[in-house]
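**Q** Take this structure first; my questions come after.
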Amino acid sequence: MNPSAAQNSEQQALQAFRARADGLLAGVLGLLLLVCLGLAVANGSWLPALLLGVPALVVPLALIRLEPGGLIARLAVAAAFMIFSGLMIHQARGMIEAHFGIFVLLAFLVLYCDWKPPVFAAGLIAVHHVLFSWLQAGGLGVYVFPQPGTVGLVVLHAVYVVVETVVLCFVALRLRAMVLDAAEVSRFALEVSAGRLDYRFDAARREASPVIQAVATMQDQLRESLQRVSQGSGRLAALVTRLNASVQAIAGDAAEQGQATQSMATAMQEMNASISMITGEAAEARRLAAASQTAAAEGGQVVQNSVSEMGAIAGVISQAAERVEELGEKSERAAQVVNIIKEIADQTNLLALNAAIEAARAGETGRGFAVVADEVRKLAERTTKATNEINQMMDDMRAAKQSVLDTIEQAVGKVEAGVAHAGEAGSRMAQINTQTHSVGEVVEAISGALSEQSTVTGEIASHVDRVSCRADSATAATRDIAQEAGEVQEVAHDLRDSLARFKL
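Under the numbering used here, think of the first position of the sequence shown as 89, with each following residue one higher.
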């Protein structure tokens, strides 16, 4: 603001403040007239009350109306105050307490923020005291003191008035500075309300007035703060935009997570049902494994019994083979006996033949011996034939024995192979029994694990349900955050628009 404009603005501010003071002091003048009229009623001093009081009220009011806050009006009010002071002193017959009104009314003049009215009023009241003290001493019927005063008393009153006037002038000047400061701050506030923070305070006033200096400092800080806020609002708007995008993405992810959690919860329920079914089947498998173990044990016992029986059969067959061997040996001995008999028969036949030959040689004498020899020969032939048959039978018996021995040997081999196979089957059955027991233990462990898994799955399903609820809550919270982020974005835009009003 240029100096002339600043000066005009100051004058306008002072004029407005003084105009408001005119209204207040005009009311005081009205009250003073009423006091004077009251005193007139009390002591019959109507003539001075009307001749001085009415003009002392009317003239200042007319001047105030013509030029509110003007210098002439201010001086007229100051003169009227002193006129009313002198009038009340006169009506009070110079009572000392009536002089207090001078000091009170002088103090009222400070509202004009000008040293001229108090000085003018002090000069008038000084002239009044000197002149009317002299007139009172001359017996002209006017009063300043209860008794005609001396020069010393007049000087004492004048000193009090001068001292108060000096103080009032200082106060008036300080009040003037305060009014001007307030006006300057008011103009600054109007400029700020219009969005103009580039208002420039008068350098001299800024240096002289702590208030202006504080407001100017506040202006600088406010301008700097608004600049930072403006920059921050731009960054905030960008951040909120990115935040809104991130929140939207998070909301989408949260929704997908909620759906995935729901799917997981359904899958966990299905898996729990499957585990329950598998647990039942595992229990059935455990029962079947136990039954298989029992059957394997019984089968092993049966195989063991079969091995024992086949061992017994092998023993019996071995004994039969031994008996057949013994029979073969006896048959061999019988064959030897038969061979001996055959040899004897052959010798007998030879002897019979020789006897027949000898009987033939003997003639009739040897005929009977020849017959006997012939019979013996026939018997020997029959014996030879019988021994041949016996030998044939013995050969058949040897062949049958050998066949029986071969058969027995084969049977023993079969039995031994059967025993070996039965033993192997017993081992296999023992292994089956062991493996069945192991399978039962494994099935038992699986059943226990499935039971624990079912419990854990139930807990997981419960946790998944809670996670699903939390996911739903997170989704709702994310939507709320997204909505609030949108509101923050709107606030950031509004803030940026509001800051755009200010000219920094």
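Glycine residues also receive a C-beta, built at the ideal position from the N, C-alpha and C atoms.
Tell me the rounded alpha-carbon separation between R374 and S515.
**A** For the purposes of this step, residue 374 is taken as residue 286 along the sequence shown, with counting starting at 1. For the purposes of this step, residue 515 is taken as residue 427 along the sequence shown, with counting starting at 1. Roughly 23 Å separates the two Cα atoms.
**Q** Going by other Cβ atoms of all chains shown within 10 Å of its Cβ, with 16 needed for buried, is M176 buried or exposed?
**A** For the purposes of this step, residue 176 is taken as residue 88 along the sequence shown, with counting starting at 1. Buried, because 16 or more other Cβ atoms sit within 10 Å of the Cβ of M176.
**Q** Figure out for me which residue from D483, E477, T436 and I478 has the closest Cα to the Cα of D462.
**A** Taking the sequence shown and counting its residues from 1, the one referred to as residue 462 is at position 374. Answer by Cα proximity: T436.
**Q** What are the complete alpha helix (DSSP H) segments, minimum 4 residues, inside the region 206-291?
**A** If we require 4 residues or more, the alpha helix (DSSP H) runs fully inside the region 206-291 come out as 239-281.
**Q** Which first and last residues belong to the alpha helix (DSSP H) in which S173 is found?
**A** On the sequence shown, residue 173 is found 85 positions in, with the first residue counted as 1. Where S173 is concerned, the enclosing alpha helix (DSSP H) stretches over L159 to Q179.
**Q** According to DSSP, is S133 helix, strand or coil?
**A** In the sequence shown, counting from the first residue as 1, residue 133 sits at position 45. Here S133 sits in coil by DSSP.
**Q** What is the DSSP secondary structure of G182, counted as helix, strand or coil?
**A** Against the sequence shown, residue 182 aligns to sequence position 94. Three-state DSSP puts G182 in coil, outside helix and strand.
**Q** Please name the residue in A337, F105 and N476 whose C-alpha comes closest to that of A570.
**A** Reading the sequence shown from its first residue, position 482 is the one you call residue 570. The residue with the shortest Cα to Cα distance from A570 is A337.
**Q** Look up P148 in the DSSP assignment and say whether it is helix, strand or coil.
**A** Taking the sequence shown and counting its residues from 1, the one referred to as residue 148 is at position 60. Residue state, collapsed to three classes: helix.
**Q** Are at least three pairs of beta-carbons, each pair with one atom in the region 210-225 and one in the region 244-257, less than 8 Å apart?
**A** Yes: at least three Cβ pairs fall under 8 Å.
**Q** In the structure shown, what three-state DSSP assignment does P156 receive?
**A** For this step, residue 156 is matched to residue 68 along the sequence shown. P156 falls in the coil class under three-state DSSP.
**Q** Answer yes if the region 438-447 comes into contact with the region 463-470, meaning at least three C-beta pairs across the two stretches below 8 Å, and no otherwise.
**A** Short answer: they touch.
**Q** Output the distance between the C-alpha atoms of R153 and A161, rounded to the nearest integer angstrom.
**A** As a first step, residue 153 must be located in the sequence shown, where it is residue number 65. As a first step, residue 161 must be located in the sequence shown, where it is residue number 73. Using only the alpha carbons, I get a separation of about 9 Å.
**Q** Quick check: the Cα distance between C201 and T238, rounded to an integer number of angstroms?
**A** Residue numbering aside, residue 201 sits at position 113 when the sequence shown is read from its first letter. Residue numbering aside, residue 238 sits at position 150 when the sequence shown is read from its first letter. Spanning the two alpha carbons is a distance of roughly 35 Å.
**Q** State buried or exposed for A361, treating a residue as buried only when at least 16 other CB atoms are found within 10 Å of its CB.
**A** Counting from 1 along the sequence shown, the entry for residue 361 is found at position 273. Exposed, since its Cβ has fewer than 16 Cβ neighbours within 10 Å.
**Q** Going by the CB atoms, is the gap between L125 and A137 shorter than 7 Å?
**A** Locating residue 137 in the sequence shown gives position 49, counting from the first residue. Locating residue 125 in the sequence shown gives position 37, counting from the first residue. Yes. Within cutoff.
**Q** Is the region 445-454 touching the region 479-490, taking contact as three or more C-beta pairs under 8 Å?
**A** Contact fails: fewer than three Cβ-Cβ distances are below 8 Å.
**Q** Count the other CB atoms within 10 Å of the CB of M170; is the residue buried (16 or more) or exposed (fewer)?
**A** Within the sequence shown, numbered from 1, the residue matching residue 170 stands at position 82. The residue is buried, with at least 16 neighbouring Cβ atoms inside 10 Å.
**Q** Taking the alpha carbon of P148 as the reference point, which residue from R181, P205, Q99 and T382 has its own alpha carbon closest?
**A** Within the sequence shown, the letter at position 60 stands for residue 148. Nearest C-alpha to P148: P205.
**Q** Could you check how far apart the C-beta atoms of L197 and A166 are, in whole angstroms? I think they sit under 8 Å.
**A** Position 109 of the sequence shown, counted from the first residue, corresponds to residue 197. Position 78 of the sequence shown, counted from the first residue, corresponds to residue 166. Confirmed, about 6 Å.
**Q** So which of A209, G182 and L193 has the shortest CA-CA distance to L223?
**A** The sequence position of residue 223 within the sequence shown is 135, counting from 1. Cα-wise, what sits closest to L223 is G182.
**Q** How is D47 classed by DSSP in three states: helix, strand or coil?
**A** Since the first and last residues shown for the chain are 89 and 592, residue 47 lies out of range.
**Q** Whose CA, out of D269, I432 and A458, lies closest to the CA of A444?
**A** By one-based count along the sequence shown, residue 444 stands at place 356. A444 has its Cα closest to that of A458, out of D269, I432 and A458.
**Q** Determine the burial state of D585: buried for a count of at least 16 other Cβ atoms within 10 Å of its Cβ, exposed for fewer.
**A** Mapped onto the sequence shown, residue 585 falls at position 497. Its Cβ having fewer than 16 others within 10 Å, D585 is exposed.
**Q** Could you give the distance in angstroms between the alpha-carbon of A508 and the alpha-carbon of S364?
**A** In the sequence shown, the residue the question calls residue 508 occupies position 420. In the sequence shown, the residue the question calls residue 364 occupies position 276. Computed Cα separation, rounded: 47 Å.
**Q** Is the Cβ-Cβ distance between F208 and L151 less than 7 Å?
**A** Against the sequence shown, residue 208 aligns to sequence position 120. Against the sequence shown, residue 151 aligns to sequence position 63. No, these two residues do not count as a Cβ contact at 7 Å.
**Q** Starting from G189, follow the alpha helix (DSSP H) in both directions and report where the run begins and ends.
**A** Position 101 of the sequence shown, counted from the first residue, corresponds to residue 189. Counting along the chain, the alpha helix (DSSP H) containing G189 begins and ends at F188 to F196.
**Q** Thinking just about the alpha-carbon of each residue, which of S561, G141, Q490 and N96 is nearest to the one in E623?
**A** The question about residue 623 has no answer, for the chain in this structure spans 89 to 592.
**Q** Can you list, in chain order, the residues of its chain whose CB lies under 7 Å from that of A101, leaving out five sequence neighbours each side?
**A** Your numbering for residue 101 matches position 13 in the sequence shown. Once the five neighbours on either side are set aside, the close Cβ partners of A101 are V267, L268 and A271.
**Q** Relative to the C-alpha of H187, which candidate in A210, S550 and L199 has its C-alpha closest?
**A** On the sequence shown, residue 187 is found 99 positions in, with the first residue counted as 1. Looking at the Cα atoms, A210 is the closest of the given residues.
**Q** Is D462 helix, strand or coil by DSSP?
**A** As a first step, residue 462 must be located in the sequence shown, where it is residue number 374. In the structure shown, D462 sits in a helix (DSSP, three-state: H, G or I).
**Q** Return the chain-ordered list of same chain residues with a C-beta closer than 8 Å to the C-beta of D494, the five sequence neighbours on each side being excluded.
**A** Along the sequence shown, read from residue 1 onward, the residue named residue 494 stands at position 406. Counting only Cβ-Cβ distances below 8 Å, and skipping sequence neighbours, we find nothing.
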